[in-house]
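Numbering (UniProt numbering), first residue to last: 1 to 376.
A quick write-up on the structure given underneath.
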């Protein structure tokens, strides 16, 4: 009896297996259809993503062929060049280039000058433009006076330090940023904001050269002052003040010369303290004036100012005067001429009546009138 049961069970299992095999075939077909659908959807999504990303990449990476550069050689060779950034595309600014130049001139213009756009180049994106303009004599054969250049230099430095803004039509050009001087004849001196305007009442004590641009130094100004205070062993009440110079008139090109002064609160240092400071600055192992090489590089050309040298020279002990020769004195003890040894009688200048022009037998005036008295 067990055998038929086994056969039945086997048949049932066989049927079950067969049924399972049929279901598996249907499942495989369904999975194939789903796979084809999923593959199509993946390809579609990938194509859609590529269609979105590729234009975005073109927006972020400006084309090398975009931009504007003046074809006027005089504009390209302008001795005064300034740059700033506008959040506008190059194409838009190019179509308004004349108005842009006119508005810049209205802000900074000086007599016998004009403003011309040197270049418009994409900056961080297609919608950000680096603007470079030049200031040129107008008319061409004219010259900008020295007082006008001084006023222009001061205005541009104030804009660079963000003390004042370059005001353009906001609805058209937006707000300029990253204002930098690229070239100015005679160089520039930049004095960062410091309390008390110390440079009006003091002089630089020393200067040195850093292979950094003024722009880079201003970005690390607090660190620079802190490291100098430690390197020079300044006291807690002594304050250091800095100003920066570039001979080419650029705030974005290295090197920069740093002028430094130290005040005792708001007063000049005493002469003895100045001498200590001068010795510390000029000693051979000054250790880069305490500055970090990785941030500021190697300090070069350390020099004491003429003001400090003069103060130190005043402290130097003056050489003692050589003793003056004493006047000749008569022998001591004094003796009447009759008792002086032979040859020691001083010879006085002969009286007037012994002038060789008189006759040899002539007498002095008083002897011609007074009779001679003989005493025995």
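By construction, the Cβ of each residue, glycine as well, lies at the ideal position given by its N, Cα and C atoms.
In the DSSP assignment, find the beta strand (DSSP E) that holds residue 180 and state where it starts and stops. Working through the chain shown from its first residue, we reach residue 180 at position 180. For residue 180, the enclosing beta strand (DSSP E) has its first and last residue at 177 to 183.
Ordered along the chain, which non-local residues of its own chain (more than five positions away) have a Cβ less than 6 Å from that of residue 259? Numbered from 1 along the chain shown, position 259 holds the residue referred to as residue 259. Here residue 259 has 204, 207, 243 as same chain residues with Cβ atoms under 6 Å from its own Cβ, once five neighbours each way along the sequence are excluded.
Kindly indicate which three-state DSSP category residue 147 falls into: helix, strand or coil? The residue given as residue 147 occupies position 147 in the chain shown. In this structure, residue 147 counts as helix in the three-state DSSP scheme.
Run through the DSSP bridge pairs and tell me what residue 124 is partnered with. For the purposes of this step, residue 124 is taken as residue 124 along the chain shown, with counting starting at 1. The bridge partners DSSP lists for residue 124 come to none.
Shortest alpha-carbon distance to residue 250 belongs to which of 310, 186, 74, 229? Taking the chain shown and counting its residues from 1, the one referred to as residue 250 is at position 250. Residue 250 has its Cα closest to that of 186, out of 310, 186, 74, 229.
Simplified DSSP assignment, three categories, for residue 109: Your numbering for residue 109 matches position 109 in the chain shown. In the structure shown, the three-state DSSP call for residue 109 is coil.
As assigned by DSSP and simplified to three states, the class of residue 249: As a position in the chain shown, residue 249 is number 249, starting the count at 1. The answer is coil: DSSP assigns residue 249 none of H, G, I, E or B.
Does the Cβ of residue 276 lie closer than 8 Å to at least one heavy atom of the ligand COA? The model depicted lacks the ligand COA and carries no ligand whatsoever.
What number of angstroms, rounded off, separates the C-alpha of residue 143 from the C-alpha of residue 255? Taking the chain shown and counting its residues from 1, one reaches residue 143 at position 143. Taking the chain shown and counting its residues from 1, one reaches residue 255 at position 255. Going from the Cα of residue 143 to the Cα of residue 255 covers about 29 Å.
Mind checking which residues open and close the alpha helix (DSSP H) that includes residue 80? Along the chain shown, read from residue 1 onward, the residue named residue 80 stands at position 80. Element bounds for residue 80: not the alpha helix (DSSP H) but the beta strand (DSSP E), 80 to 86.
Whole-angstrom distance between residue 162 and residue 293, CA atom to CA atom: As a first step, residue 293 is located in the chain shown; it is residue number 293 there, counting from the start. As a first step, residue 162 is located in the chain shown; it is residue number 162 there, counting from the start. Computed Cα separation, rounded: 29 Å.
In chain order, what residues of the same chain have a beta carbon less than 6 Å from the beta carbon of residue 394, not counting five sequence neighbours either side? Outside the displayed span of the chain (1 to 376) sits residue 394, for which this structure offers no information.
For the stretch 177 to 195 and the stretch 83 to 102, state whether three or more C-beta atom pairs, one from each stretch, are separated by less than 8 Å. Taking one beta carbon from each stretch, the stretch 177 to 195 and the stretch 83 to 102 have 3 or more pairs nearer than 8 Å; the two touch.
Whose C-beta lies closer than 7 Å to the C-beta of residue 312 among residues of the same chain, with five residues either side of it excluded? Taking the chain shown and counting its residues from 1, the one referred to as residue 312 is at position 312. Only 274, 275, 278 meet the Cβ criterion.
Quickly, what does DSSP pair residue 241 with across the bridge? List them, please. For this step, residue 241 is matched to residue 241 along the chain shown. Looking at the DSSP assignment, residue 241 forms a beta bridge with 261.
Beta-carbon within less than 7 Å of residue 295's beta-carbon, same chain only, minus the 5 sequence neighbours each way: which residues are those? Start at 1 with the first residue of the chain shown, and residue 295 comes out as number 295. 220, 223.
Using only CA atoms, which one of 74, 124, 121 lies nearest to residue 115? Here residue 115 is taken as the residue at index 115 of the chain shown, counted from 1. Between residue 115 and the set 74, 124, 121, the nearest pair of CA atoms involves 74.
Within the continuous beta strand (DSSP E) that includes residue 277, where are the two ends? Counting from one through the chain shown, the residue named residue 277 turns up at place 277. Boundaries for residue 277: no beta strand (DSSP E) harbours it, while the alpha helix (DSSP H) harbouring it runs 271 to 282, taken from the DSSP string.
Residue 448 bridges to which residues according to DSSP? The question about residue 448 has no answer, for the chain in this structure spans 1 to 376.
The beta strand (DSSP E) enclosing residue 300, as first and last residue numbers: Numbered from 1 along the chain shown, position 300 holds the residue referred to as residue 300. For residue 300, the uninterrupted beta strand (DSSP E) segment begins and ends at 300 to 304.
What are the start and end residues of the alpha helix (DSSP H) that includes residue 191? If you number the chain shown from 1, residue 191 lands on position 191. Taken as a continuous stretch (DSSP letters only), residue 191 belongs to no alpha helix (DSSP H), as it is neither H nor E.
Grouping DSSP H, G and I as helix and E and B as strand, with all else coil, what is residue 202? As a first step, residue 202 is located in the chain shown; it is residue number 202 there, counting from the start. Per DSSP, reduced to three states, the secondary structure at residue 202 is coil, with no helix or strand assignment.
With DSSP as the reference, label residue 48 as helix, strand or coil. Indexing the chain shown from 1 puts residue 48 at position 48. Reduced to three states, the DSSP call for residue 48 is helix.
As assigned by DSSP and simplified to three states, the class of residue 139: In the chain shown, counting from the first residue as 1, residue 139 sits at position 139. DSSP, reduced to helix, strand and coil, places residue 139 outside both helices and strands of the structure shown, so it counts as coil.
When the distance is taken between beta carbons, is residue 129 closer than 9 Å to residue 93? For this step, residue 93 is matched to residue 93 along the chain shown. For this step, residue 129 is matched to residue 129 along the chain shown. Residue 93 is a Cβ neighbour of residue 129, given a cutoff of 9 Å.
Please classify residue 90: does DSSP put it in a helix, a strand, or coil? Taking the first residue of the chain shown as position 1, residue 90 is located at position 90. Residue 90 falls in the helix class under three-state DSSP.
For a test of the three-state rule: what should DSSP assign to residue 116, helix, strand or coil? In the chain shown, residue 116 corresponds to position 116, counting from 1. Residue 116 falls in the strand class under three-state DSSP.
Among 271, 245, 305, whose alpha-carbon lies nearest the alpha-carbon of residue 153? Position 153 of the chain shown, counting from 1, holds the residue named residue 153. Residue 245 is the option with its Cα nearest to residue 153.
Residue 267 - partner residues in DSSP beta bridges: As a first step, residue 267 is located in the chain shown; it is residue number 267 there, counting from the start. Paired residues: 264.
By alpha-carbon positions, which one of 106, 236, 137 ends up nearest to residue 77? Along the chain shown, one-based indexing puts residue 77 at 77. The shortest Cα separation from residue 77 among 106, 236, 137 belongs to 137.
Tell me, which residues are paired with residue 130 by DSSP? Here residue 130 refers to the residue found at position 130 of the chain shown. Answer is 85, 121, bridged to residue 130.
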